[in-house]
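**Student:**
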Amino acid sequence: MVEVIPVRLKAPPAVTVVVPTRNEADNVRPLVEQLRDALGATPSEIVFVDDSDDHTPEIITALSASDPEGVRLLHRPRGERTGGLGGAVTAGLTAALAPWVVVMDGDLQHPPATVPELLAAGQIDQADAVVASRYRTRGRVTGLGGAFRRIVSRASGTLAKIFFPVRLRAVTDPMSGFFAVRRDALDTSSLRPNGYKILLELVVRGRMRQITEVPYTFRPRQAGESKASLREGLRYLRHLTLLRLAAARHPVSPLGRLAGFGLAGAIGTAVNSAALWALGEVAGLPYLLAALLAVQVAIVWNFAVIDNLVMPPGEHARRRRFGRFLLLNNTLTPVHLGLLYGLVQLAGLHYLEANVLAIVVVFVLRYAVTSNWVYGAPAGAGGLVVAVRRAVATRLLLAVALTAVAFPALAADVWDGLWSRGSGVPLLIPAAAAAALAASRIRPSSAEPDVHDRQVDGLLATVFLTAGVTLLLLMPADAWLVPAALSFLAGAAILLVGTRTVARLRWALLLPLLAIAGVAPAVGAPVDAGIRAVVTLLGRPAGPTSSGGGLVTEYHGQELLLPAQQLPGLALAGAVVCLLISAFVLSGATRQALTRGVVGSLTVTAVTVGAVLVVLLTGRLFGPAAFDVARLPVLTDAVLAITVAVVVTRWSPAPAPVTAVRQYLPRGRFALAALVAMAVILLESAR
Amino acid sequence: MSADFSARVVLSRMQRAGLIAALVLLTVWAVLRPMTVLQTVVAIVTVAYGAAIVFRVVLVWASTRGEHLIRVSDEEARAVPDHELPVYTVLVPAYREPSVIGLLMSHLGALEYPADKLEIILLLEEDDRETIEAAEAVATADHVRILVVPESQPKTKPKACNVGLEQATGEFVTIYDAEDIPDPLQLRRAVVALRRLGPSYVCLQAELGYFNVDQNRITRWFALEYATWFRSLLPGLVALRMPIPLGGTSNHFRARELRELGAWDPYNVTEDADLGIRLARSGYRVGVLHSVTLEEANSDFINWIKQRSRWYKGYLMTWLVHLRSPRATARQLGWRGILCLNLFVGGTPLAALLNAVLWATTILWFLDRPPIMEEIFVPPFYYLGVLCLVFGNATVIYLNVLSARTMDRPDLLGTALLSPGYWAMMSLAGAKAAWQLVFKPSYWEKTTHGLHLAKETADVG
Chain A
29 MVEVIPVRLK APPAVTVVVP TRNEADNVRP LVEQLRDALG ATPSEIVFVD
79 DSDDHTPEII TALSASDPEG VRLLHRPRGE RTGGLGGAVT AGLTAALAPW
129 VVVMDGDLQH PPATVPELLA AGQIDQADAV VASRYRTRGR VTGLGGAFRR
179 IVSRASGTLA KIFFPVRLRA VTDPMSGFFA VRRDALDTSS LRPNGYKILL
229 ELVVRGRMRQ ITEVPYTFRP RQAGESKASL REGLRYLRHL TLLRLAAARH
279 PVSPLGRLAG FGLAGAIGTA VNSAALWALG EVAGLPYLLA ALLAVQVAIV
329 WNFAVIDNLV MPPGEHARRR RFGRFLLLNN TLTPVHLGLL YGLVQLAGLH
379 YLEANVLAIV VVFVLRYAVT SNWVYGAPAG AGGLVVAVRR AVATRLLLAV
429 ALTAVAFPAL AADVWDGLWS RGSGVPLLIP AAAAAALAAS RIRPSSAEPD
479 VHDRQVDGLL ATVFLTAGVT LLLLMPADAW LVPAALSFLA GAAILLVGTR
529 TVARLRWALL LPLLAIAGVA PAVGAPVDAG IRAVVTLLGR PAGPTSSGGG
579 LVTEYHGQEL LLPAQQLPGL ALAGAVVCLL ISAFVLSGAT RQALTRGVVG
629 SLTVTAVTVG AVLVVLLTGR LFGPAAFDVA RLPVLTDAVL AITVAVVVTR
679 WSPAPAPVTA VRQYLPRGRF ALAALVAMAV ILLESAR
Chain B
3 MSADFSARVV LSRMQRAGLI AALVLLTVWA VLRPMTVLQT VVAIVTVAYG
53 AAIVFRVVLV WASTRGEHLI RVSDEEARAV PDHELPVYTV LVPAYREPSV
103 IGLLMSHLGA LEYPADKLEI ILLLEEDDRE TIEAAEAVAT ADHVRILVVP
153 ESQPKTKPKA CNVGLEQATG EFVTIYDAED IPDPLQLRRA VVALRRLGPS
203 YVCLQAELGY FNVDQNRITR WFALEYATWF RSLLPGLVAL RMPIPLGGTS
253 NHFRARELRE LGAWDPYNVT EDADLGIRLA RSGYRVGVLH SVTLEEANSD
303 FINWIKQRSR WYKGYLMTWL VHLRSPRATA RQLGWRGILC LNLFVGGTPL
353 AALLNAVLWA TTILWFLDRP PIMEEIFVPP FYYLGVLCLV FGNATVIYLN
403 VLSARTMDRP DLLGTALLSP GYWAMMSLAG AKAAWQLVFK PSYWEKTTHG
453 LHLAKETADV G
C-alpha cells in the first residue's frame with residue numbers, strides 16, 4: 029500500500045502569536061512586519077482573533093492571502109463575541125498549533141521585539157508561562173496616559189496579588205496582557221474568561237506551577253483607541269472575587285484536601301451533634317440509635333459539602349460517588365458507635381461530649397477512606413514505605429496480628445503454654461513450618477494463569493470471616509477457638525492478599541490445625557516412651573535413667589528429674605507431621621516427597637534426642653539452677669521450630685526473579701480498617 | 003429486536019415499581035411480625051427448592067424414556083451430494099485470543115463440507131490488533147473472512163454475532179468459539195437433521211464436551227456437569243416439549259428465521275439461553291443433535307467463577323426479561339414453558355445461591371441447635387427441608403454418578419461423589435452473579451482461554 033505523505037512547505041510552527049484585535053485597522057500591518065523581523069527564522073504563525081466592526085478583517089485576510097500558514101484570522105462577528113477580550117484570547121489559544129503561544133495586544137503597546145525574549149526565558153527556566161512585566165526593573169510604564177491610569181493599573185495588580193498571594197508570588201504584573209504560555213501546560217476547557225485579565229485566569233484556574241517574568245517597556249499607543257474603562261474595572265473586581273472563590277474549591281495538594289476535609293468535618297461535627305441532640309434529647313431515642321441516625325445525617329451533609337467544595341469530581345458519576353461515600357463511611361460507623369459506647373459506659377462521659385470525641389478520633393480513618401476510595405489519591409505516593417506496605421509478607425503478618433487481636437484468649441493460651449507445655453505450644457512448631465512454607469509459596473509459578481478477581485476475594489473473605497465470628501460467638505467452648513481463629517485468619521488473608529495467594533498457602537494455613545490433634549495424649553505418650561528409651565541407651569553407662577515416665581540424672585548425689593509432661597514427645601510428633609505435610613506441599617505426591625519426609629523426620633528426631641541429652645547434661649554439669657532453666661519446654665520447642673523452619677526453607681525452590689508485585693486487593697487500607705474494627709468488636713464481645 | 007425483549011434495561015418500569023412496592027411491604031411486615039415473615043420466607047424457599055429438585059428428577063426420568071437426541075449416522079451425513087448442500091455460514095467471535103487462532107483454523111479446516119459452500123466469518127474487535135494480526139497471518143483460504151466489528155457499546159459476543167449475521171450469505175448459520183473442536187461431520191449432520199425435521203425446527207443444539215477433562219478436579223466436575231446437562235436435562239426438556247436454553251456455541255440456525263426473530267440480544271450476557279426462550283415464544287422448536295463439539299473446560303478457580311457468574315447473571319436476566327409481561331409469556335409458552343422458565347432458567351442460579359444459605363443453616367443447626375431456628379422452621383416445612391437435604395443431595399450426587407456411567411468414565415466416580423465441593427463453587431458464583439446483576443448488569447466477564455496451553459508448555463519445558 030502506498031503511504032500518502034502530505035507535502036509540507038514549511039516546518040511546523042514553533043510559536044503561535046495570538047493577537048486579539050478590535051478596530052485596529054491601522055496597527056495590524058506594522059505589527060505583522062515587526063513580528064516577522066523580531067522572530068526572524070523561527071517558524072511561527074500569527075492568529076488574529078478579531079472582534080472588529082471596521083475593516084480590520086479585510087486587512088488581515090489580505091495579509092493571510094499572501095502567507096496562508098503564517099497569518100490566520102478568526103473573525104468573531106457581532107453576537108458571537110463571548111467573554112469579550114478574555115474569550116477572544118481563549119479562542120486564539122484553542123486554535124494555536126505551536127508548543128508555545130504568545131498573547132499580545134494588537135495596538136503595538138506591546139513591543140514585538142520582546143517576543144523572542146519571552147520564548148528564550150521560557151526555555152531556559154523550564155517555565156509554564158512567561159509574563160512580560162512593566163514593573164520589573166528594566167521595564168517602564170511610559171504608555172499609560174496620566175498618573176491616575178498608572179495608579180489604577182498598579183492598584184489592580186496589587187489587588188490581584190492580595191487575592192492570590194501564593195500563586196502570584198513570582199508575578200509583579202498580573203495585569204499584563206503580554207505573556208507566553210506552554211501549550212501543553214494549558215487546559216483551555218477549564219477557562220471561563222470574563223473581562224480582559226486572561227493571564228490571571230490562566231494562572232489561577234490553569235494551576236500553572238512555574239512562572240517567570242521578563243521586563244519590557246510599555247510603548248505609547250500607535251493608533252486606535254484604548255479600551256480600559258471604569259466599567260471594565262468593576263467587572264474586574266467581580267471577576268477577581270469569583271476567581272478566588274472558585275480557586276478555593278477542590279484543592280489539589282494533599283494538605284489542602286486535608287484542610288478542606290477538616291473544615292467540612294468541623295461543620296459536620298456540629299450538624300452531627302445537633303442531630304444527636306434533637307434525636308436523643310427531644311425525640312428521646314436511646315443514645316446509640318440516635319447516634320446511628322445522627323451519623324447518617326452527618327454523612328449526607330458531609331457528602332454535599334465535600335463533593336461540592338473539597339474533592340475533585342474524580343472518575344465516578346455523582347450518584348455512584350454518593351453510594352460509595354455512604355457505604356464506606358458506614359463501614360466506620362461500628363467503630364464510631366463502639367467508641368461512643370466505650371466512652372459513655374467506661375469513661376462515664378455524657379453521650380453528646382463522647383460523640384464529639386468519637387468523631388474526632390474516627391476522622392482520620394474517614395479521611396483516608398474517602399480520599400482514596402471515593403475520589404482517588406493525589407499522585408506522588410511511592411518509595412520504600414509503599415513497597416514495604418504492599419509486600420505480601422507484610423500483609424500476611426498484618427493478618428496474623430489481627431487474628432491475635434481478635435482472639436486474645438488464644439494468644440494468652442499460647443503465651444502461658446510456652447512455659448509449661450500447655451495446649452498452646454503445639455502451635456509454635458506448625459507456625460514456624462507455616463511461615464517457612466508461606467515464604468516460599470507466595471511466589472506465583474510461571475505457569476500460573478493471570479486471572480484475578482476482587483469480587484471473588486470479597487465474597488470468600490466474607491464467608492470465612494462470618495464463619496469465624498459465628499463459631500466464636502455460638503461456640504464458647506475452648507475447642508472451637510482454634511478453628512474460629514483459623515477461619516478468621518483465612519478471611520483476613522484473603523482480604524489482604526487475594527484468593528490466589530491464599531490458595532497457594534492453604535496447606536500452610538491448615539498446619540495449625542495440628543495443634544488440636546496434638547492435644548491428644550495418645551499421640552504423645554508412645555513417642556515419649558521412645559525418646560526415653562533412646563536417651564537412656566545413648567547415655568550409658570553413667571547416664572540418665574528412666575523413672576516414673578520421666579528421666580533422672582544426678583548432680584553430686586542429688587537426683588534431678590525431667591518429668592513426663594516436659595518430655596518433647598508431642599512436639600516431635602507435631603514436627604514430623606509438619607515436615608511430611610511440607611514435603612508433600614513442596615514436591616507433590618512424588619518419591620522425592622517421601623525421601624524428604626523420611627530424611628526430615630530423622631533429622632528432627634535426632635535434634636530432639638540431642639536436645640534432651642543436652643538438657644540432662646546441663647543438670648549433671650551445672651547443677652539444679654541451670655537444670656531448671658534448661659528444662660523449660662519452650663527452649664526445646666524453639667529448637668525444634670527452628671529446625672523445621674530451616675529444613676522447609678532448604679526444600680523450598682530458589683526464589684525466582686521478582687516481577688512486579690501484583691496488587692491483589694488495591695484497597696488494602698480499607699480492608700485493614702474494616703478488619704481492625706472487626707477484631708476490636710470481637711475482642712470486646714469475647715470478654 | 004424490540005426493547006421489550008432486550009436486557010438493556012434489566013427491570014422494566016413496572017417491574018421496578020412492583021419490586022420496590024413488594025420490598026417496602028415486606029419491610030413493614032417484617033418490622034411488625036418478624037417471625038411470621040421469616041417463617042413464610044423459609045416455607046416459600048423450601049417449597050421452591052423441593053420443586054426444582056423434583057423437576058430435575060422428572061427431566062432425567064423423561065430423558066430416559068425414548069430417544070430424544072437427534073441422531074444422524076456418518077453414512078447418512080456423507081450421503082448428501084455436494085451440490086445439494088446449502089451455503090453454510092460459520093460465525094467465530096473472538097476477543098483477545100491470538101494464541102488459539104492458529105488451532106482454530108486447523109479445527110475448522112477439518113470440517114467435511116465443500117469449501118465453495120462454506121463461509122467462515124471471524125468476528126474480531128477493532129481494538130484487538132493482536133488477534134487481527136494473528137488471524138490475517140493464518141486465514142489465507144478464500145472462504146475465510148475477517149470481519150472487524152466497529153467499536154461501539156455494548157462490546158459483547160452477541161453484538162459481534164449480530165454484525166456477522168448481517169453479512170452472512172448462508173442459508174444455515176452456526177457459531178463456534180475460537181477454542182472449539184467441532185465434530186467434522188457436524189454441519190452435514192445439521193443439514194440432514196433440519197431437512198428431515200421440517201420448517202417447525204429452526205435450531206439444533208449440538209452437544210458440548212471437553213477436551214481437557216483430566217486437567218484437574220474442576221475440569222472433571224465441569225465435564226460431569228456438562229454430561230448431565232446435554233445427555234439428561236436437555237433431552238428431558240425436549241421430551242416434555244419445553245423451551246431449551248441454548249448453549250453458547252454449536253447452535254445451528256436457519257438464517258432467515260433467525261433474522262426475523264431479531265437474532266441475539268446484545269445486552270444479555272447469556273444471549274443463547276435468552277434466544278432459546280424467544281424461539282419457544284415464537285412457536286419454533288429446538289432439537290438436540292447428537293454430535294459433539296469439544297470445548298476447553300475452565301481449569302482455573304477464579305476464571306471458573308467469572309464464567310459461571312456470568313452465566314448465572316445471564317439466566318437471571320433472561321428470567322426477568324421474560325417475566326415482563328407474564329400473561330403474554332404464559333400464553334406463548336404454555337404452562338410447561340412457564341414451569342421451565344421459572345424452575346430451570348430462574349431456578350438454576352437461585353438454587354446455587356440458596357444452597358449456601360441452606361447448608362449454613364443446616365450446619366448451624368447441627369452444631370448449636372439455636373432455639374430460634376426451631377421457631378422459624380415450622381413442622382411441615384421442616385420435614386420438607388429435611389427431605390430436600392437428604393434426598394435432594396443424594397439425588398443430585400446420583401445424577402452425577404449416572405453421568406460418569408453415561409460418559410463411560412468409571413474413574414470419575416470419586417469426582418462425582420465429591421460434588422458438594424463443586425456446589426460450594428456454584429454458590430460463590432451465584433452470590434457474585436446476584437451482586438453483579440444489581441451493580442453491573444451488562445458487564446461481560448471475559449473468560450480467559452488457552453489455559454490448557456500454558457499447562458502443556460510448562461509440563462514440556
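If you read the protein sequences in the order shown, they are chains A and B.
302 is the number that this note's numbering gives to position 274 of the first sequence; each next residue is one higher, with no gaps.
123 is the number that this note's numbering gives to position 121 of the second sequence; each next residue is one higher, with no gaps.
Each residue gets a CB set at the ideal place from its N, CA and C atoms; glycine is no exception.
Note down the Cα distance separating Gly98/A from Ser72/A, rounded to an integer number of angstroms.
**Tutor:** 6 Å
**Student:** Is the segment 300-308 of chain B close to the segment 66-84 of chain B, with three or more CB pairs under 8 Å?
**Tutor:** no
**Student:** With DSSP as the reference, identify every bridge partner of Arg280/B, one or two as the case may be.
**Tutor:** Answer is none; Arg280/B lacks a bridge partner.
**Student:** Tell me which residue opens and which closes the beta strand (DSSP E) that Leu420/B is part of.
**Tutor:** Taken as a continuous stretch (DSSP letters only), Leu420/B belongs to no beta strand (DSSP E), as it is neither H nor E.
**Student:** Does the beta-carbon distance from Leu391/B to Thr364/B come in below 8 Å?
**Tutor:** yes
**Student:** Where do the ends of the alpha helix (DSSP H) carrying His292/B lie?
**Tutor:** No alpha helix (DSSP H) holds His292/B; the beta strand (DSSP E) holding it covers 287-297.
**Student:** My guess is that Gln17/B and Arg287/B are in contact by the Cβ rule of under 8 Å, so how many angstroms apart are they, rounded?
**Tutor:** Actually they do not touch by this definition, with Cβ atoms about 29 Å apart.
**Student:** For the pair the segment 264-276 of chain A and the segment 289-308 of chain A, tell me if three or more CB-CB distances fall below 8 Å.
**Tutor:** no
**Student:** What does Leu509/A touch in chain B if you count any residue whose Cβ is under 7 Å from its own?
**Tutor:** Within 7 Å Cβ-Cβ: nothing; Leu509/A doesn't reach chain B, min ~15 Å.
**Student:** Do Phe174/B and Phe224/B count as a contact pair if the criterion is CB distance below 8 Å?
**Tutor:** no
**Student:** Under 9 Å Cβ-Cβ, which residues of chain A neighbour Ala81/B?
**Tutor:** What Ala81/B touches in chain A: nothing, since even the nearest Cβ is about 45 Å away.
**Student:** With contact counted as at least three CB pairs below 8 Å, one residue from each stretch, are the segment 121-128 of chain B and the segment 96-113 of chain B in contact?
**Tutor:** yes
**Student:** For the 8 Å Cβ check, are there 3 or more pairs between the segment 367-379 of chain B and the segment 21-33 of chain B?
**Tutor:** no
**Student:** Whose C-beta lies closer than 7 Å to the C-beta of Trp266/B among residues of the same chain, with five residues either side of it excluded?
**Tutor:** Pro160, Cys163, Asn164, Glu273, Leu277
**Student:** Hey, out of Val215/B, Arg310/B, Thr38/B, Ala53/B, whose CA is closest to Phe393/B's CA?
**Tutor:** Ala53/B
**Student:** For chain B, check one thing: does any of its Cβ atoms lie closer than 8 Å to the Cβ of Val484/A?
**Tutor:** yes
**Student:** Please confirm if the segment 516-530 of chain A is in contact with the segment 489-497 of chain A, defined as three or more CB-CB distances below 8 Å between the two stretches.
**Tutor:** Yes, the segment 516-530 of chain A is in contact with the segment 489-497 of chain A.
**Student:** Nearest CA to the CA of Ala42/A: which residue from Ala53/A, Thr49/A, Pro58/A, Thr70/A?
**Tutor:** Ranking Ala53/A, Thr49/A, Pro58/A, Thr70/A by CA distance to the CA of Ala42/A puts Thr70/A first.
**Student:** In or out: Ala464/A buried (at least 16 other Cβ within 10 Å) or exposed?
**Tutor:** buried
**Student:** Identify the contact partners of Lys308/B in chain A, using a Cβ-Cβ distance below 7 Å as the criterion.
**Tutor:** Asp481
**Student:** Cβ atoms of Thr398/A and Phe353/A: under 8 Å apart, would you say?
**Tutor:** yes
**Student:** Check whether chain B comes within 8 Å of Glu381/A, counting only Cβ atoms and requiring the distance to be less than that.
**Tutor:** no
**Student:** Identify the residues that DSSP records as bridge partners of Asp78/A: which are they?
**Tutor:** Thr49/A, His103/A
**Student:** By a C-beta neighbour count over all protein chains shown, 10 Å radius and 16 as the cutoff for buried, is Gly285/B buried or exposed?
**Tutor:** With fewer than 16 other Cβ atoms within 10 Å, it is exposed.
**Student:** Does DSSP put Ile183/B in a helix, a strand or coil?
**Tutor:** strand
**Student:** Looking at the unbroken beta strand (DSSP E) that takes in Ile239/A, where does it start and where does it end?
**Tutor:** 239-243
**Student:** On the three-state DSSP scale, how would you describe Tyr51/B?
**Tutor:** helix
**Student:** Just the Cα atoms here: how many angstroms apart are Arg394/A and Tyr244/A?
**Tutor:** 52 Å
**Student:** Roughly how many whole angstroms lie between the Cα atoms of Leu356/B and Ser429/B?
**Tutor:** 7 Å
**Student:** Cβ of Ala433/B less than 8 Å from any chain A Cβ?
**Tutor:** Yes, Ala433/B counts as interfacial toward chain A.
**Student:** Give the single residue among Arg195/A, Leu660/A, Ala617/A whose Cα lies nearest to the Cα of Leu595/A.
**Tutor:** The shortest C-alpha separation from Leu595/A is found at Leu660/A.
**Student:** What is the C-beta distance between Leu210/B and Glu114/B, in whole angstroms, given that I count them as a contact (C-beta under 8 Å)?
**Tutor:** About 20 Å; that fails the 8 Å criterion.
**Student:** With a threshold of 6 Å on Cβ separation, who are the neighbours of Gly250/B within its own chain once the five nearest residues in sequence on each side are excluded?
**Tutor:** Same-chain partners within the cutoff: Asp274.
**Student:** Which term fits Met244/B, buried or exposed, when burial requires 16 or more other beta carbons within 10 angstroms of its beta carbon?
**Tutor:** buried
**Student:** Extract the residue ranges of the alpha helix (DSSP H) inside the segment 343-401 of chain A, only unbroken runs of 4 or more that lie entirely within it.
**Tutor:** 346-359, 361-373, 379-397
**Student:** Roughly how many whole angstroms lie between the Cα atoms of Val194/B and Val74/B?
**Tutor:** 7 Å
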